[in-house]
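Asks:
Residue numbers (my numbering): 18 to 299.
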């Protein structure tokens with residue numbers, strides 16, 4: 018993706034790109050970033066201050082350097098929104114094409130799931146679709162499709178920064194329904210350890226979602242492939258397919274395929290016209 022595509026990008030996208038530039042060069046300058054993003058130096062300084070507060074870089078005179086103690090905790094929804102922005106759009110477009118009128122669909126939380134919700138709404142041919150979600154952001158995105166869609170929110174306990182609903186009180190709904198398709202996100206997909214997630218309560222809800230659907234599809238941008246985290250969601254044999262992006266490394270993808278998992282690597286040629294992930298931030 019060229020830098021021109023980042024001009025006037027929303028703050029989460031801009032900050033994610035700043036971190037990518039920092040990872041590549043070890044140092045970024047305020048003046049140069051201002052030109053790259055087409056925003057003021059005041060705005061760039063605000064971005065760098067926010068990233069420093071999150072422990073992702075260290076501020077120095079005129080710019081920033083890689084943090085000596087990078088944060089390894091789960092990012093907030095709005096922060097994760099900017100990471101691999103274009104890739105998530107393409108994964109979402111591919112996943113949305115798998116849904117047919119009359120389907121019942123479970124959609125998990127996360128930024129790729131939010132892009133999927135937007136892609137489904139933008140499909141004017143879809144009607145009589147029932148969507149079950151534990152994501153407040155997802156539900157709000159889907160609201161525009163009412164009454165073409167019916168949207169069911171699980172209930173439960175709200176997680177700070179993630180806008181997700183987890184136990185207690187979140188998983189009882191899955192005892193009383195069975196959906197055609199479940200789309201879940203994750204923090205890691207690994208041939209040995211399976212599908213994993215940083216947060217244990219969310220991992221539990223993801224397990225329940227998989228158990229309540231006929232077709233079980235994992236949406237994971239390339240950064241998740243080959244990664245392993247604390248909460249195990251399912252072995253690779255416990256899902257039907259994984260949809261990932263062009264940034265995924267070939268070696269772990271080949272291992273997943275050799276284990277019998279259906280893996281789709283969405284290339285940069287997928288049309289994402291009409292899907293605006295920037296609009297997801299509210």
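Each residue gets a CB set at the ideal place from its N, CA and C atoms; glycine is no exception.
So, helix, strand or coil for residue 215, using DSSP?
Replies: Coil, per DSSP.
Asks: In angstroms, rounded to a whole number, what distance separates the CA positions of residue 171 and residue 181?
Replies: Their backbone Cα atoms lie some 10 angstroms apart in a straight line.
Asks: Do you know whose CA, among 253, 33, 46 and 63, lies nearest residue 81's CA?
Replies: Checked all of 253, 33, 46 and 63; the closest Cα to residue 81 is 46.
Asks: What does the alpha-carbon distance come out to for the pair residue 28 and residue 196?
Replies: If I take the Cα positions, the gap works out to 36 angstroms.
Asks: Could I get the ranges of all uninterrupted alpha helix (DSSP H) runs contained in the stretch 199-265, with 4 residues as the minimum, in chain order?
Replies: Runs of the alpha helix (DSSP H) inside the stretch 199-265: 217-228.
Asks: Compare the beta carbon distance of residue 164 and residue 143 with 8 angstroms and say whether it is the shorter of the two.
Replies: No. Outside cutoff.
Asks: Quick check: residue 54 and residue 77, are their CB atoms within less than 8 angstroms of each other?
Replies: Not closer than 8 angstroms, so no.
Asks: How would you write the range of the beta strand (DSSP E) that residue 181 sits in, first residue to last?
Replies: Counting along the chain, the beta strand (DSSP E) containing residue 181 begins and ends at 181-183.
Asks: CA-CA distance, residue 42 and residue 237?
Replies: Their Cα atoms are separated by approximately 26 angstroms.
Asks: Considering residue 53, what are the terminal residues of the alpha helix (DSSP H) in which it resides?
Replies: Element bounds for residue 53: 47-54.
Asks: Alpha carbons only, please: which of 162, 125, 136 and 137 is nearest the one belonging to residue 188?
Replies: Closest option to residue 188, Cα to Cα, is 125.
Asks: Between the Cα of residue 120 and the Cα atoms of 168, 153, 206 and 135, which residue gives the shortest distance?
Replies: Answer by Cα proximity: 168.
Asks: What separation, rounded to the nearest whole angstrom, lies between the Cα atoms of residue 141 and residue 101?
Replies: Cα-Cα distance, rounded: 26 angstroms.
Asks: I'd like the span of the beta strand (DSSP E) that includes residue 161, first residue to last.
Replies: Here residue 161 belongs to no beta strand (DSSP E), and DSSP marks it neither H nor E.
Asks: So if DSSP puts residue 191 in a beta bridge, which residue, or which two residues, is it bridged to?
Replies: Answer is none; residue 191 lacks a bridge partner.
Asks: Give the DSSP-derived three-state secondary structure of residue 117 in the structure shown.
Replies: Correct three-state label for residue 117: coil.
Asks: Can you tell me whether residue 271 is buried or exposed, with buried defined as 16 or more other CB within 10 angstroms of its CB?
Replies: Exposed, because fewer than 16 other Cβ atoms sit within 10 Å of the Cβ of residue 271.
Asks: Label residue 206 either buried or exposed according to how many other C-beta atoms from any shown protein chain fall within 10 Å of its C-beta, with 16 as the threshold for buried.
Replies: That one is buried.
Asks: Given a cut-off of 8 angstroms, decide if residue 250 and residue 212 are closer than it, judged by their beta-carbon atoms.
Replies: Yes, Cβ-Cβ distance for residue 212 and residue 250 is below 8 angstroms.
Asks: For residue 128, list the residues DSSP reports as bridge partners.
Replies: According to DSSP, which records beta bridges pairwise, residue 128 is partnered with nothing at all.
Asks: Who are the Cβ neighbours of residue 282 in its own chain at under 8 angstroms, not counting the five residues just before and after it?
Replies: Once the five neighbours on either side are set aside, the close Cβ partners of residue 282 are 261, 262, 263, 265 and 270.
Asks: Within the same chain, show all residues whose beta-carbon is closer than 6 angstroms to that of residue 280, passing over the 5 residues directly before and after it, in chain order.
Replies: Excluding sequence neighbours, residue 280 sits near 259, 270, 273 and 274.
Asks: Just the Cα atoms here: how many angstroms apart are residue 147 and residue 136?
Replies: Taking the straight line from one Cα to the other gives about 15 angstroms.
Asks: Mind checking whether residue 127 and residue 202 have CB atoms under 8 angstroms apart?
Replies: Yes. Within cutoff.
Asks: Take residue 239 and list the residues in its own chain whose beta-carbon comes closer than 8 angstroms to its own, dropping the five residues that flank it on each side.
Replies: Around residue 239: 101, 104, 261, 262, 263, 264, 265 and 266.
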